Amino acid sequence: MGTGKKEASRRERQGKSNDGMGNVRTKGENFYRYELFSPASFLGSTFAGGYVVNHWTNRCVCVYRDAKKVKTLNMFKDGKAQRNASGKITKAASYQSRDKPSARIEPNRKWFGNTRVISQEALSSFREALAEKAADPYQVLLKTNKLPMSLIRDGHAPNGLKQHKAKIAVENAPFSDTFGPKAQRKRVKLSVDSLEGLAGETVKMHDSYLDRLEQAKLLSGTSGDVNADTNGDDAELTAAREPIFSKGQSKRIWNELYKVIDSSDVIVHALDARDPEGTRCRSVEKYIQEEAPHKHLIFVLNKCDLVPTGVAVSLHTVRIIP
1 MGTGKKEASR RERQGKSNDG MGNVRTKGEN FYRYELFSPA SFLGSTFAGG YVVNHWTNRC
61 VCVYRDAKKV KTLNMFKDGK AQRNASGKIT KAASYQSRDK PSARIEPNRK WFGNTRVISQ
121 EALSSFREAL AEKAADPYQV LLKTNKLPMS LIRDGHAPNG LKQHKAKIAV ENAPFSDTFG
181 PKAQRKRVKL SVDSLEGLAG ETVKMHDSYL DRLEQAKLLS GTSGDVNADT NGDDAELTAA
241 REPIFSKGQS KRIWNELYKV IDSSDVIVHA LDARDPEGTR CRSVEKYIQE EAPHKHLIFV
301 LNKCDLVPTG VAVSLHTVRI IP
């Protein structure tokens, strides 16, 4: 700030410094400041009203309260009620009065409307763009917004619910309302209307069970095991029978693995270049894909010098996950 912008400098340039207005506060001067006075002019007087004597410098200082100090003192003073000589409250303290102020909200339609509205076309285009970016393994998400993304993603089940059909049926028709003395209907509602339909439904359920069993074998890494299919009832067991192969497969080890996955943003999966499909942990991949889609999985091929270069380049896992 230049010197010409202050009121005191202007009065000094115009020769008005001796006009008897020297003790008047002017523009550009800090009102809350400390002023120094000579102790000779205050000899024999009582130092009150903010005047303090500094015995180290032998000067009398006039101390003003700054804005922060005044605000603090007003806060202390404002918290008490004012009473008269008899002790009755003449002025209530802040937030102590029982009088209800007459407040009225201005009527407006915006209080009853939606705050943010989006059209279905814009929402569908946003979903398509989001699906394209999510399917690309080479796109890395650095920052997310605070929008409810779960409402945008469409689930495979109707209304986006992942519930079993039997659970929904039990909630709609409890056992006590279907069977027993308090039954509300005479005939149980079935999904089929004839024995042929029941037989066809049984075949479909058996086929789906076989598909789920094969998927469990793939996830456990025992899909190529010949003994797993020839042992009859033991075919459902996917654990290794030799004790040496069960080392490092305890629940404690798996819990530690999932702790590391939960606390990581990028997971590096090391694969053997000689057998990359056999060294993939599909259960972990499925967990990351379903439970933590925001985490990134990267494959690292180990021992690439033991296989030809063309074989290492032609792996189809690179197209799925980088």
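Here UniProt numbering is used: the sequence shown runs in plain steps of one and ends on residue 322. Idealized CB from N, CA, C, for every residue including glycine. Owing to the predicted nature of the structure, the values given are computational and were not obtained by experimental measurement.
* To do: With DSSP as the reference, label phenylalanine 126 as helix, strand or coil.
  => helix
* Asked: Secondary structure at aspartate 207, three-state DSSP: helix, strand or coil?
  -> helix
* Kindly provide the ranges of any alpha helix (DSSP H) runs that are 4 or more residues long and lie completely inside the segment 70 to 95, ordered along the chain. => none
* To do: Could you tell me which of Lys77, Ile118, Ala135 and Gln96 sits nearest to glutamine 289, measuring between CA atoms?
  => Ala135
* Bridge-paired residues (DSSP) for leucine 271 -> Leu301
* Leaving out five residues before and five after phenylalanine 175 in sequence, what residues of the same chain have Cβ atoms less than 8 angstroms from its Cβ? -> none
* Candidates Pro243, Asn302 and Ile267: closest to histidine 294 by CA position -> Ile267
* Asked: Taking the alpha-carbon positions, what's the arginine 187 to histidine 206 distance?
  -> 27 angstroms
* Three-state class that DSSP yields for proline 39 in the structure shown -> For proline 39, the pLDDT reaches just 47, beneath the cut-off of 50, and the residue's location in the model is therefore unreliable, leaving the point undetermined.
* **Pick from Phe76, Gly278 and Asp19 that is closest to leucine 218, judged by C-alpha positions** => Gly278
* Which one or two residues does DSSP pair with histidine 296 in a beta bridge? -> Val266
* Assign glycine 200 to one of three DSSP states: helix, strand, or coil. => helix
* Coarse secondary structure for isoleucine 105, derived from DSSP in three states -> coil
* To do: Could you check if arginine 280 is buried or exposed, using at least 16 other CB atoms within 10 Å of its CB as the buried criterion?
  => buried
* **Coil, strand or helix - glutamate 285 by DSSP** => helix
* Asked: Nearest-angstrom Cα distance between residue 324 and serine 263?
  -> The shown model of the chain, from 1 to 322, leaves out residue 324, and the question about it has no answer.
* **Secondary structure of leucine 190, DSSP reduced to three states** => coil
* Asked: Do you know how far the Cα of serine 124 is from the Cα of valine 260?
  -> 36 angstroms
* To do: Keeping to the same chain, check which residues put their C-beta closer than 7 angstroms to that of lysine 133; ignore five residues upstream and five downstream.
  => Gln139
* **residue 323 versus leucine 301: straight-line alpha-carbon distance, rounded** => In the structure as shown, the chain starts at 1 and stops at 322, and residue 323 therefore has no counterpart that could be examined.
* Asked: Rounded to whole angstroms, how far is the Cβ of aspartate 177 from the Cβ of alanine 169, which I believe are closer than 8 angstroms?
  -> About 12 angstroms separates the two Cβ atoms, so there is no contact after all.
* Based on Cα-Cα distance, which residue from Pro137, Lys189 and Asp305 lies nearest to histidine 296? -> Pro137
* To do: Using alpha carbons as the reference points, say which of Glu291, Val284 and Ala273 lies closest to glycine 310.
  => Ala273
* First and last residue of the uninterrupted alpha helix (DSSP H) at residue 324 -> Nothing can be reported for residue 324: it is not among the residues displayed for the chain, which extend from 1 to 322.
* Nearest neighbour of tyrosine 95, chosen from Pro243, Gly87 and Asp78 [CA to CA] -> Asp78
* If we ignore side chains and look at the alpha-carbon of each, how far apart do isoleucine 191 and aspartate 211 end up? -> According to the sequence displayed, residue 191 carries serine and not isoleucine. Answer to the nearest angstrom: the Cα atoms are 22 angstroms apart.
* Asked: How long is the line joining the alpha carbons of isoleucine 244 and lysine 204, rounded to whole angstroms?
  -> 39 angstroms
* Is the beta carbon of alanine 81 sitting closer than 8 angstroms to the one on lysine 68? -> no
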